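Enquirer:
The structure is reproduced here in structure tokens:
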């Protein structure tokens, strides 16, 4: 990566808000697709070692995405997102909640607001950088919910590490 | 019962109490003098903060002094950092996806 890409993560505990800003070395339409198309979302949204699998997605206002984060052991954690507002290539909002495998949401969830902007050609920089900035604001009714996400992630991590240990132990016996 | 630590610091009075006792250990009466509220309400806030282990009561003679548990505050920062790291990893993955998309477009 040649550019120093901005990354900012702040939490306002009192307002129960998480703010994330990140720049990407790609044009806006690509970044927009990566955030809104299931085939692409599934490739990056799950924190390793988990993987994401979208069962279905209907990207329109009132439409939903139903997906699972799957641990290396095959444990599925389902969640459902409902799109509440879409301004193509500029902004989209959604309501995100954990769910069971039958799509019953566990409330409360969180409200997500994504804003996309391209740091494009300016009079003083006619070529432009082709950098896209994404700002995400997440409102969580309960910050305890965040803790659950983290717990799940840490558990998945520990499990896969112990798998690795087992594998290494088996290999070294040979 | 385990209390939600973030709920504890979501309250403005409790945040103010934390700021006060961060400077020096104080008695509930001395703390209450700083607020336009009843001694009873301050006690309630102190109880919640104590249950979250954000402040620690200490008996000195006939008085109880409350002081800040610095380690617990650090724990919050550590917790948030973990969350930050998840997003960092996630975005690094996204960088790779975008790179592949860019190549495919050409």
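Chains as they are written, first to last, in this note's numbering: chain A, 319 to 492; chain B, 1101 to 1206.
Glycine included, every Cβ here is placed at the ideal spot set by N, Cα and C.
Only a predicted model underlies this, so the values are computations on that prediction, with no experimental measurement involved.
1) Note down, in chain order, all residues in the region 399 to 416 of chain A with a beta-carbon under 9 angstroms from any beta-carbon belonging to chain B.
2) Under 8 angstroms, CB to CB, which of the residues in the region 1120 to 1144 of chain B have a partner in chain A?
3) By the criterion of Cβ-Cβ separation under 9 angstroms, what are the contact partners of residue 1202/B in chain A?
4) Which residues bound the alpha helix (DSSP H) around residue 377/A?
5) Going along chain D in order, which residues have a C-beta closer than 7 angstroms to the C-beta of residue 365/A?
6) Where DSSP assigns a beta bridge to residue 1168/B, which residues make up the other side?
7) Tell me the rounded alpha-carbon separation between residue 378/A and residue 403/A.
8) Decide if residue 333/A is buried, meaning its Cβ has at least 16 other Cβ atoms within 10 Å, or exposed.
9) Among 459/A, 456/A, 453/A, 436/A, which residue has its Cα nearest to the Cα of residue 348/A?
10) Whose CA, out of 1147/B, 1206/B, 1191/B, 1205/B, lies closest to the CA of residue 450/A?
11) In this structure, does DSSP put residue 403/A in helix, strand or coil?
12) For the beta strand (DSSP E) containing residue 353/A, name the first residue and the last one.
13) Look at the Cβ atom of residue 1154/B, then the Cβ atom of residue 1108/B, and state whether they are nearer than 8 angstroms.
14) If you draw a straight line from the C-alpha of residue 1113/B to the C-alpha of residue 1145/B, how long is it?
Expert: The relevant details are as follows:
1) Correct list: empty, as no residue qualifies.
2) None of the residues of the region 1120 to 1144 of chain B has a beta carbon lying less than 8 angstroms from any beta carbon of chain A.
3) Here the neighbours are 343, 344, 345, 348.
4) Note, residue 377/A: premise wrong, no alpha helix (DSSP H); not H, not E.
5) Given the protein chain composition of this structure (A and B), no chain D is represented.
6) Paired residues: 1155/B.
7) Distance between the alpha carbons of residue 378/A and residue 403/A is about 8 angstroms.
8) It is exposed - the Cβ of residue 333/A has fewer than 16 other Cβ atoms within 10 Å.
9) Comparing Cα-Cα distances from residue 348/A to each of 459/A, 456/A, 453/A, 436/A, the minimum goes to 436/A.
10) The residue with the shortest Cα to Cα distance from residue 450/A is 1191/B.
11) Looking at residue 403/A - three-state DSSP - the assignment turns out to be strand.
12) Here residue 353/A belongs to no beta strand (DSSP E); instead the alpha helix (DSSP H) covers 346 to 354.
13) Yes; because the gap between Cβ atoms is below 8 angstroms, this pair is in contact.
14) Cα to Cα, the separation comes out at about 8 angstroms.
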